[in-house]
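Shown next, in structure tokens, is the structure this report addresses.
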Amino acid sequence: VYGPGHVTYARNITDVDDKINARAVERFPEMKPTDAIRRLTEETAARFHEDIAALGVLPPNVEPRATEHIAEMRHLCEALVAKGHAYVAQEHVLFDASSMADYGRPANRSLEEMEAGARVDVGESKDDALDFTLWKAAKPGEPSWQSPWGPGRPGWHIECSVMSTKYLGPTFDIHTGGVDLVFPHHENEVAQSHGANGTPPVKYWAHNGFINIDGQRMGTSLGNFRTVRDILKQYPGKVVRYSLISNH
6 VYGPGHVTYA
16 RNITDVDDKI
26 NARAVERFPE
36 MKPTDAIRRL
46 TEETAARFHE
56 DIAALGVLPP
66 NVEPRATEHI
76 AEMRHLCEAL
86 VAKGHAYVAQ
96 EHVLFDASSM
106 ADYGRPANRS
116 LEEMEAGARV
126 DVGESKDDAL
136 DFTLWKAAKP
146 GEPSWQSPWG
156 PGRPGWHIEC
166 SVMSTKYLGP
176 TFDIHTGGVD
186 LVFPHHENEV
196 AQSHGANGTP
206 PVKYWAHNGF
216 INIDGQRMGT
226 SLGNFRTVRD
236 ILKQYPGKVV
246 RYSLISNH
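The number in the numbering used here is simply the position in the sequence shown, starting from 1, with 5 added.
Shown next as structure tokens:
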């Protein structure tokens with residue numbers, strides 16, 4: 006579609022996950038779960054677009070939403086099961102981490118480090134603690150879609166694999182994200198994409214660090230959290246952007 010030298014920029018919107026589901030029910034209890042998350046994420050996306058434009062960030066060529074790619078996610082789950090990289094347990098589909106010999110290598114994590122950070126959600130029946138969910142069985146009051154394993158919804162990691170490879174191909178040049186996503190999110194994204202397509206999905210990873218205020222990571226728990234919208238009341242967007250990108 007694009008000629009040599011052209012940058013194809015894809016930036017996805019993850020519009021279904023545990024926190025979104027909970028907030029949507031809280032905000033719009035009278036609506037169907039799928040309609041509630043759409044209403045909530047439309048509002049959040051609109052604010053994000055305003056903030057990012059104020060900072061002078063160019064818009065992407067494509068901005069896919071997770072909820073608009075459920076069919077492709079089901080297909081990827083089926084492909085991983087067929088290739089022996091995933092299994093079905095209690096209507097969940099789980100990725101078998103042991104099926105990828107280099108699992109943990111992209112994140113440079115040892116087996117002990119990964120096992121220490123692994124968790125098992127209620128209702129999951131994993132063969133191993135490192136296995137992760139590709140498709141979650143439906144819970145009462147949550148948005149869900151039909152699948153060969155019963156009603157459910159996609160896991161967090163598979164959403165990004167589906168959307169990135171659909172619009173950028175099975176192997177693309179640069180994948181960005183926060184350094185806090187290196188493990189398990191990006192590690193799992195590599196494993197499932199590689200398992201399905203037979204090739205590593207990304208040539209180069211670029212992870213940004215955290216914003217620090219007075220030597221501490223900015224966060225709600227520390228009470229030093231500032232939004233872009235707050236800061237733009239004091240400084241022009243170009244000044245904020247320059248300040249952010251002028252630091253390591």
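Cβ atoms here follow ideal geometry from the backbone N, Cα and C, with glycine treated the same way.
With a CB to CB cut of under 6 Å and the five nearest residues on each side skipped, what residues in its chain are close to residue i?
i	result
Y209	I179
P111	E192, V195
T181	A211
R79	S152
A269	Residue 269 falls outside the range modelled here, since the chain spans only 6 to 253, and no answer is possible.
A59	L237, G242
So, helix, strand or coil for residue i, using DSSP?
i	result
N217	strand
W210	strand
K37	coil
T138	strand
D20	coil
H11	coil
A106	coil
In or out: residue i buried (at least 16 other Cβ within 10 Å) or exposed?
i	result
V244	exposed
N252	exposed
K141	buried
R43	buried
K238	exposed
H54	exposed
R52	exposed
F215	exposed
T49	exposed
S149	buried
V12	exposed
L63	exposed
D136	buried
L139	buried
D20	buried
N113	exposed
N213	exposed
Could you pull out every residue in the same chain whose Cβ sits closer than 8 Å to the Cβ of residue i, ignoring the five residues on either side in sequence?
i	result
T170	F177, S198, N202, P206
H74	E164, V167, M168, K171
Considering only C-alpha positions, which residue in the set the options is nearest to residue i?
i	options	result
T46	A59, V30, E35	V30
C165	P69, W154, S115	P69
V187	F53, G109, P145	G109
V93	A106, E77, M78, K131	K131
A102	P148, P189, M223	P189
A106	Y14, S115, L99	S115
Y14	G174, G183, G242, Y240	G174
So, at 7 Å on beta carbons, what are the nonlocal neighbours of residue i in its own chain, with the 5 sequence-adjacent residues on each side left out?
i	result
Q221	L227, N229
V127	A caution first: V127 carries a pLDDT of 43, below 50, which makes its placement in the model too unreliable to give a value.
R16	P65, E68
D133	A102, S103
Quick check: is any heavy atom of the ligand FAD less than 8 Å from the C-beta of residue i?
i	result
R32	Ligands displayed in this structure: none; no statement on the ligand FAD is therefore possible.
- Item | At least three beta-carbon pairs within less than 8 Å, the segment 31-42 to the segment 73-89 | no
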